[in-house]
Amino acid sequence: MTTNEAGNISLLSLPNLRKYFIGSTIFALVIIFLGQSVQDHYQKQEIFETHRIHAYHQQLELAGQVMNHLLRLQEFNNQVEHDSISRYININININELRSVHDEIKIFSKTDDLFETEQLISSYIEQLIFQTNEVLAMIEAESVDKSGVSEIYHAYLPIYLSLRDESTRLIDKVEANLEREAAEHRQVIWIIVIVIMILVAFAGVVLYRVISNLTQRQTDSFESSNKQLAEDNRFRLQNEQAMAEQAEMMLVQQMKMRSILDSTLDAIITITDKGMVDSFNKAAETMFGYPADFVIGKNVKLLMPEPYAAEHDGYLRNYHQTGEQKAIGRIRLVEAQRVDGSIFPIELTVSEVPLSGDKLYTGIIRDITEWKAADEKLKATLKELTEKQVLLEQEEQIARHVFENITASNNDTIPEIAFWNEPMTTFSGDMMLSAILPSGALRVILCDFTGHGLPAALGAVPVSSIHSAMAKKGLPLEILMDELNNRLNALLPTGIFCCVAGIDLDANRTHAHIWNAGLPEVLLVSKTGEIKQRFKSNHLPLGVTSYDHDEKYCEDIRFETSDCIYMYSDGLTEAENNTGEMLGQKGFEQLLSYEKSEDGRLIEIRKRVSSFVGNAPATDDISLVEIKTLVSVDEITLKS
Numbered sequence: 006m007t008t009n010e011a012g013n014i015s016l017l018s019l020p021n022l023r024k025y026f027i028g029s030t031i032f033a034l035v036i037i038f039l040g041q042s043v044q045d046h047y048q049k050q051e052i053f054e055t056h057r058i059h060a061y062h063q064q065l066e067l068a069g070q071v072m073n074h075l076l077r078l079q080e081f082n083n084q085v086e087h088d089s090i091s092r093y094i095n096i097n098i099n100i101n102e103l104r105s106v107h108d109e110i111k112i113f114s115k116t117d118d119l120f121e122t123e124q125l126i127s128s129y130i131e132q133l134i135f136q137t138n139e140v141l142a143m144i145e146a147e148s149v150d151k152s153g154v155s156e157i158y159h160a161y162l163p164i165y166l167s168l169r170d171e172s173t174r175l176i177d178k179v180e181a182n183l184e185r186e187a188a189e190h191r192q193v194i195w196i197i198v199i200v201i202m203i204l205v206a207f208a209g210v211v212l213y214r215v216i217s218n219l220t221q222r223q224t225d226s227f228e229s230s231n232k233q234l235a236e237d238n239r240f241r242l243q244n245e246q247a248m249a250e251q252a253e254m255m256l257v258q259q260m261k262m263r264s265i266l267d268s269t270l271d272a273i274i275t276i277t278d279k280g281m282v283d284s285f286n287k288a289a290e291t292m293f294g295y296p297a298d299f300v301i302g303k304n305v306k307l308l309m310p311e312p313y314a315a316e317h318d319g320y321l322r323n324y325h326q327t328g329e330q331k332a333i334g335r336i337r338l339v340e341a342q343r344v345d346g347s348i349f350p351i352e353l354t355v356s357e358v359p360l361s362g363d364k365l366y367t368g369i370i371r372d373i374t375e376w377k378a379a380d381e382k383l384k385a386t387l388k389e390l391t392e393k394q395v396l397l398e399q400e401e402q403i404a405r406h407v408f409e410n411i412t413a414s415n416n417d418t419i420p421e422i423a424f425w426n427e428p429m430t431t432f433s434g435d436m437m438l439s440a441i442l443p444s445g446a447l448r449v450i451l452c453d454f455t456g457h458g459l460p461a462a463l464g465a466v467p468v469s470s471i472h473s474a475m476a477k478k479g480l481p482l483e484i485l486m487d488e489l490n491n492r493l494n495a496l497l498p499t500g501i502f503c504c505v506a507g508i509d510l511d512a513n514r515t516h517a518h519i520w521n522a523g524l525p526e527v528l529l530v531s532k533t534g535e536i537k538q539r540f541k542s543n544h545l546p547l548g549v550t551s552y553d554h555d556e557k558y559c560e561d562i563r564f565e566t567s568d569c570i571y572m573y574s575d576g577l578t579e580a581e582n583n584t585g586e587m588l589g590q591k592g593f594e595q596l597l598s599y600e601k602s603e604d605g606r607l608i609e610i611r612k613r614v615s616s617f618v619g620n621a622p623a624t625d626d627i628s629l630v631e632i633k634t635l636v637s638v639d640e641i642t643l644k645s
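Quick note on numbering: the sequence shown equals residues 6 to 645 in this note's numbering.
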């Protein structure tokens with residue numbers, strides 16, 4: 006609530022107070038007027054009664070004077086004529102005054118409650134006037150004698166006495182009435198005064214209540230107004246403070262933005278819809294060589310070589326007319342021109358700044374001179390790498406061809422051996438070699454070379470040749486492994502070696518010798534899936550170091566009908582699915598736990614491993630050898 010609103014409330018309350026004041030004043034004036042009228046009435050009545058009493062006194066006095074004149078007439082002397090005339094004149098004057106007073110008393114007594122008494126007195130006055138008239142007649146006739154006057158006097162005296170008594174009683178009554186009326190007058194006046202006082206007090210109380218209520222309302226209104234004004238002032242101060250803080254924040258943000266723009270490595274330029282430069286950051290000054298004060302306000306085509314400079318204004322007009330975006334919202338590789346006229350390649354990104362007024366465009370410019378040089382160098386390097394990749398692929402194809410020929414030429418067709426190999430790349434670094442020895446024994450070797458391609462093929466050549474030569478001679482398995490280790494140790498570079506597991510099964514297929522150098526456990530599994538025996542690696546891989554004499558030994562085992570031997574590379578147990586979970590040794594052994602079929606377990610194992618891996622990329626070559634059937638030499642020879 007504002008001060009004007011509070012003033013309006015006070016002005017709206019004043020007519021009610023004025024109405025009460027005017028009404029109370031009029032009512033008090035009416036009471037005062039009525040009181041004054043009553044007082045005037047009583048004053049007039051008092052004056053009337055006073056005149057009345059005076060008239061009766063005067064009438065009684067005149068009657069007494071007439072009686073005195075009559076008494077003197079009785080005592081007249083020789084100077085009769087002179088006294089008679091004198092008496093006549095006085096009596097006549099008195100009698101006339103008496104008549105006048107009598108007439109006045111008649112007027113007073115017309116509405117009086119003492120009418121009968123006054124009538125009686127009036128009759129006495131008339132009798133006295135009558136008697137006096139007789140005396141006046143005698144005086145006029147000059148026949149006044151003492152006896153006649155005495156007779157009239159004696160007749161006049163009782164009437165006068167009665168008149169005096171009645172008049173005295175009447176005057177007493179009139180005075181009593183006057184006192185009573187005066188008392189009533191005072192009582193009425195006091196009643197009026199008390200009524201006026203009560204009215205004044207009531208009016209005062211009413212005015213006090215009205216004024217108090219009005220004052221309270223005004224006070225409440227003022228307090229409310231003051232509170233509202235204080236609240237408004239608080240809000241105003243808060244708003245002013247918020248605006249000041251916002252302005253300060255905007256200033257800080259502008260300074261920060263300016264600092265950011267000036268500290269960025271990319272040139273940032275803003276232009277108007279007319280193509281005039283609006284801002285030019287420090288990086289732009291460094292990039293183009295122009296100071297910001299020089300460029301701001303000039304057309305941005307100053308920074309462009311031909312034909313971009315000549316076409317730029319046309320681009321802006323076409324965009325404003327058609328809305329077709331050729332540069333806005335895109336990254337373009339164009340050329341710019343420095344202050345010295347040199348032209349350099351840039352990466353330009355133009356965006357439109359949404360404003361309520363004129364349009365503004367922001368250009369972010371990056372000098373790509375070094376990037377261009379690096380790109381050219383990268384293209385040359387890529388071309389060189391492509392050529393080398395072609396050579397490597399050719400070499401890998403040759404290595405694969407050699408590797409496949411070697412493995413094919415060193416593997417006899419043996420029905421009880423099943424082999425699964427899953428290469429990680431073009432071809433596997435794992436290799437299986439098998440042969441029938443002159444004694445009819447069966448030899449199976451699983452090799453896992455470090456690396457792939459040429460390193461694997463490089464190791465496969467001596468291993469296959471030595472294996473083939475010693476198999477023909479029927480030399481023992483530990484002699485073969487010692488020879489392979491010596492040859493690879495001399496041939497392979499440091500860090501390249503071969504993990505190998507070999508088995509020699511006798512001609513009866515009831516006994517075998519096992520060598521494990523670096524591969525996972527070789528497992529002997531019964532037909533029901535029970536792992537009967539584990540053969541851990543107890544030799545170093547081939548190509549690491551020479552074997553001591555006491556290290557050249559094999560483990561001997563005995564078979565039962567339908568037993569199977571499994572050799573495998575670590576790529577099998579370390580195979581991962583899409584979630585990164587590995588199959589593991591335990592998972593692989595679970596695949597062996599079901600009863601072997603006539604065809605063995607390898608096909609089913611391959612399906613389950615493929616299902617487990619899914620689309621996950623291979624992490625290593627996978628190899629699994631299953632020796633599933635123990636047959637006689639004659640059967641093997643017959644099948645061969």
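C-beta: ideal position from N, C-alpha, C; glycine also. Only a predicted model underlies this, so the values are computations on that prediction, with no experimental measurement involved.
Met255 bridges to which residues according to DSSP?
Residue numbering aside, residue 255 sits at position 250 when the sequence shown is read from its first letter. Checking the DSSP bridge columns, you'll see Met255 has no partner listed.
Between which two residues does the beta strand (DSSP E) holding Met309 run?
Taking the sequence shown and counting its residues from 1, the one referred to as residue 309 is at position 304. Element bounds for Met309: n/a, residue is neither H nor E.
Straight-line Cα distance separating Glu250 from Asn238:
Here residue 238 corresponds to residue number 233 of the sequence shown, with the count starting at 1. Here residue 250 corresponds to residue number 245 of the sequence shown, with the count starting at 1. Rounded to the nearest angstrom, the two C-alpha atoms are 17 Å apart.
With the cut-off set at 7 Å, would you say Ile276 and Val305 are in Cβ contact?
Taking the sequence shown and counting its residues from 1, one reaches residue 276 at position 271. Taking the sequence shown and counting its residues from 1, one reaches residue 305 at position 300. Yes. Within cutoff.
Locate the alpha helix (DSSP H) running through Lys647, then write down its first and last residues.
Because the chain spans 6 through 645 in this model, residue 647 falls outside it and cannot be assessed.
Skipping 5 residues on each side, what residues in its chain have a beta carbon closer than 7 Å to that of Cys504?
For this step, residue 504 is matched to residue 499 along the sequence shown. A distance below 7 Å between beta-carbons, with the five flanking residues on each side excluded, links Cys504 to the following residues of its chain, in chain order: Asp453, Ala522, Gly523, Leu524 and Pro546.
Along the chain, where does the beta strand (DSSP E) that runs through Phe285 open and close?
One-based indexing of the sequence shown puts residue 285 at position 280. Following the DSSP letters along the chain, one finds Phe285 inside the beta strand (DSSP E) bounded by residues Val282 to Phe285.
Outcome for Arg658 when other beta-carbon atoms lying within 10 angstroms are tallied against a minimum of 16:
The shown model of the chain, from 6 to 645, leaves out residue 658, and the question about it has no answer.
Report the residue ranges of all alpha helix (DSSP H) runs contained in full by the stretch 536 to 615; include only those spanning at least 4 residues, in chain order.
Look at the stretch 536 to 615 and you find these whole runs of alpha helix (DSSP H), each 4 residues long or longer: 575 to 578 and 589 to 596.
Near Tyr558, which residues of its chain fall below 8 Å by C-beta distance, leaving aside the five closest residues on each side in sequence?
Translated into positions along the sequence shown, residue 558 becomes position 553. Shown here for Tyr558: same chain residues with a beta carbon closer than 8 Å to its own, the five before and five after excluded, namely Glu483 in chain order.
Beta-carbon proximity check, Ser439 vs Ile419, cutoff 7 Å:
Position 434 of the sequence shown holds residue 439. Position 414 of the sequence shown holds residue 419. For Ser439 and Ile419, yes; Cβs fall inside 7 Å.
Classify Ala272: buried if its beta carbon has 16 or more other beta carbons within 10 angstroms, exposed otherwise.
In the sequence shown, the residue the question calls residue 272 occupies position 267. Under this definition Ala272 is a buried residue.
DSSP state of Val344, grouped into three classes?
Translated into the one-based positions of the sequence shown, residue 344 becomes position 339. In the structure shown, the three-state DSSP call for Val344 is coil.
Would you give the residue range spanned by the alpha helix (DSSP H) that Arg322 belongs to?
As a first step, residue 322 is located in the sequence shown; it is residue number 317 there, counting from the start. Run containing Arg322: Tyr313 to Thr327, per the alpha helix (DSSP H) assignment.
Return the CA-CA distance between Glu180 and Leu65, expressed in angstroms with no decimal places.
In the sequence shown, counting from the first residue as 1, residue 180 sits at position 175. In the sequence shown, counting from the first residue as 1, residue 65 sits at position 60. Near 16 Å, if we compare the C-alpha coordinates of Leu65 and Glu180.
On a CA-only basis, which of Asp363, Ser347 and Gly368 is nearest Thr354? Give me that one, please.
Against the sequence shown, residue 354 aligns to sequence position 349. That would be Gly368, whose Cα lies nearest to the Cα of Thr354.
Could you have a look at Ile203 and say whether DSSP puts it in helix, strand or coil?
As a position in the sequence shown, residue 203 is number 198, starting the count at 1. The three-state secondary structure of Ile203, taken from DSSP, is helix.
Using a threshold of 7 Å, state whether the C-beta atoms of Ser628 and Asn426 are closer than that.
Here the question's residue 628 lines up with position 623 in the sequence shown. Here the question's residue 426 lines up with position 421 in the sequence shown. Yes.
Distance between Gln243 and Gln258 (C-alpha atoms, nearest Å)
On the sequence shown, residue 258 is found 253 positions in, with the first residue counted as 1. On the sequence shown, residue 243 is found 238 positions in, with the first residue counted as 1. C-alpha separation (whole angstroms): 21 Å.
Contact under 7 Å by Cβ, Leu133 with Ala68:
Locating residue 133 in the sequence shown gives position 128, counting from the first residue. Locating residue 68 in the sequence shown gives position 63, counting from the first residue. It is a contact, given that the beta carbons lie within the stated cut-off.
Going straight from the alpha carbon of Ala247 to that of Ser229, what length do you get?
Reading the sequence shown from its first residue, position 242 is the one you call residue 247. Reading the sequence shown from its first residue, position 224 is the one you call residue 229. The alpha-carbon of Ala247 is positioned some 26 Å away from that of Ser229.
Element boundaries [alpha helix (DSSP H), containing Glu631]:
Within the sequence shown, the letter at position 626 stands for residue 631. Secondary structure note for Glu631: it is in no alpha helix (DSSP H), and the uninterrupted beta strand (DSSP E) holding it is Ile627 to Ile632.
Can you give me the C-alpha to C-alpha distance between Asp394 and Gln402, rounded to a whole angstrom?
Taking the first residue of the sequence shown as 1, we reach residue 394 at position 389. Taking the first residue of the sequence shown as 1, we reach residue 402 at position 397. A small fix is needed here, since residue 394 is Gln in this sequence, not Asp. Going from the Cα of Gln394 to the Cα of Gln402 covers about 12 Å.
Please list, in chain order, all residues of the same chain as Leu372 whose beta carbon is under 7 Å from its beta carbon, the five residues on each side excluded.
Indexing the sequence shown from 1 puts residue 372 at position 367. In the sequence as presented, Leu is not what sits at residue 372; that position holds Asp. Counting only Cβ-Cβ distances below 7 Å, and skipping sequence neighbours, we find Met292, Phe349 and Ile351.
Cβ contact (3+ pairs, closer than 8 Å) linking the stretch 504 to 519 and the stretch 579 to 588
With a cut-off of 8 Å, the stretch 579 to 588 and the stretch 504 to 519 do not count as touching, because too few Cβ pairs lie within range.
Specify the secondary structure class of Asp271 as computed by DSSP and reduced to three states.
Here residue 271 corresponds to residue number 266 of the sequence shown, with the count starting at 1. In the structure shown, the three-state DSSP call for Asp271 is coil.
Where Lys331 and Tyr320 are concerned, what is the direct C-alpha to C-alpha distance, given to the nearest angstrom?
By 1-based counting over the sequence shown, the position of residue 331 is 326. By 1-based counting over the sequence shown, the position of residue 320 is 315. Rounded to whole angstroms, Lys331 to Tyr320 spans 8 Å at the Cα level.
I need the straight-line Cα distance from Thr137 to Gln50, nearest angstrom please.
Along the sequence shown, read from residue 1 onward, the residue named residue 137 stands at position 132. Along the sequence shown, read from residue 1 onward, the residue named residue 50 stands at position 45. Between the C-alpha atoms of Thr137 and Gln50 there is a straight-line separation of about 34 Å.
Go ahead and pull the three-state DSSP assignment for Met429.
Here residue 429 refers to the residue found at position 424 when the sequence shown is read from its first residue. Coil at Met429, not helix or strand.
For a test of the three-state rule: what should DSSP assign to Leu480, helix, strand or coil?
For the purposes of this step, residue 480 is taken as the residue at position 475 of the sequence shown. Residue state, collapsed to three classes: coil.
Residues near Ser444 in its chain [Cβ-Cβ closer than 7 Å; skip 5 each side]:
Within the sequence shown, residue 444 is the residue found at index 439, counting from 1. Correct list, in chain order: Gly479 and Ala512.
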